[in-house]
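See structure below.
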Amino acid sequence: MTKTLEVHVITPQGIVYEHHATMVVARTPDGDLGILPRHAPIIAPLMIDEVRINRIDSKEHVDWIAVNGGVFEVRDDVVTIIADSAERERDIDVPRAERAKRRAEKMIAEAKAHSDVDELRRATVALHRAINRIKVSKHI
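In structure tokens:
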């Protein structure tokens, strides 16, 4: 009986993360999805949010990854996350994320002033991504 999961996080730019874990938690449109070894096969879309990976080397060792949408697949104790983009907490450039947050907030204000629904939607996604990166960076 396998007591660990093999975890892979992949983006169009390449592999962001590979390790073994005891548990993985990710946010889907239906809520948080927690995966333990021997989980039934599943494929689910991912939200812009953090992914928590409990490592096998220590109960306190947790890796956090900011993902910006994608797909989550579990099969045979292998968790594969194919994300639009993803960053580990230690790789996040916090000043850059804070600048992106300010830009998105400005874009939202402008879109509301011009009643531009499409631009408001794009700016809201950009804001959510920036906030997610800032939140994940604080897990270090």
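Using UniProt numbering, the first residue of the sequence shown is number 1, and each one after it goes up by one.
Don't be surprised by glycine CBs; every beta carbon is placed ideally from N, CA and C.
| Where do the N-terminal and C-terminal ends of the alpha helix (DSSP H) with His128 fall, by residue? | As a first step, residue 128 must be located in the sequence shown, where it is residue number 128. 117-137 is the extent of the alpha helix (DSSP H) around His128.
| said: Helix, strand or coil for Ala86? Go by DSSP, reduced to three states. | reply: Here residue 86 is taken as the residue at index 86 of the sequence shown, counted from 1. Ala86 falls in the strand class under three-state DSSP.
| request: Give the secondary structure of Glu60 by DSSP, where H, G and I count as helix, E and B as strand, and everything else as coil. | output: By one-based count along the sequence shown, residue 60 stands at place 60. DSSP places Glu60 in coil when its eight states are reduced to three.
| request: Look at the alpha carbon of His8 and the alpha carbon of Ala44, and state the distance between them as a whole number of angstroms. | output: Translated into positions along the sequence shown, residue 8 becomes position 8. Translated into positions along the sequence shown, residue 44 becomes position 44. Each residue's Cα considered, the two are about 15 Å apart.
| So what does Leu33 bridge to, in DSSP terms? | Taking the first residue of the sequence shown as 1, we reach residue 33 at position 33. Ala26.
| query | What residues match up with Ile92 in a beta bridge as DSSP calls it? | reply | Taking the first residue of the sequence shown as position 1, residue 92 is located at position 92. Answer is none; Ile92 lacks a bridge partner.
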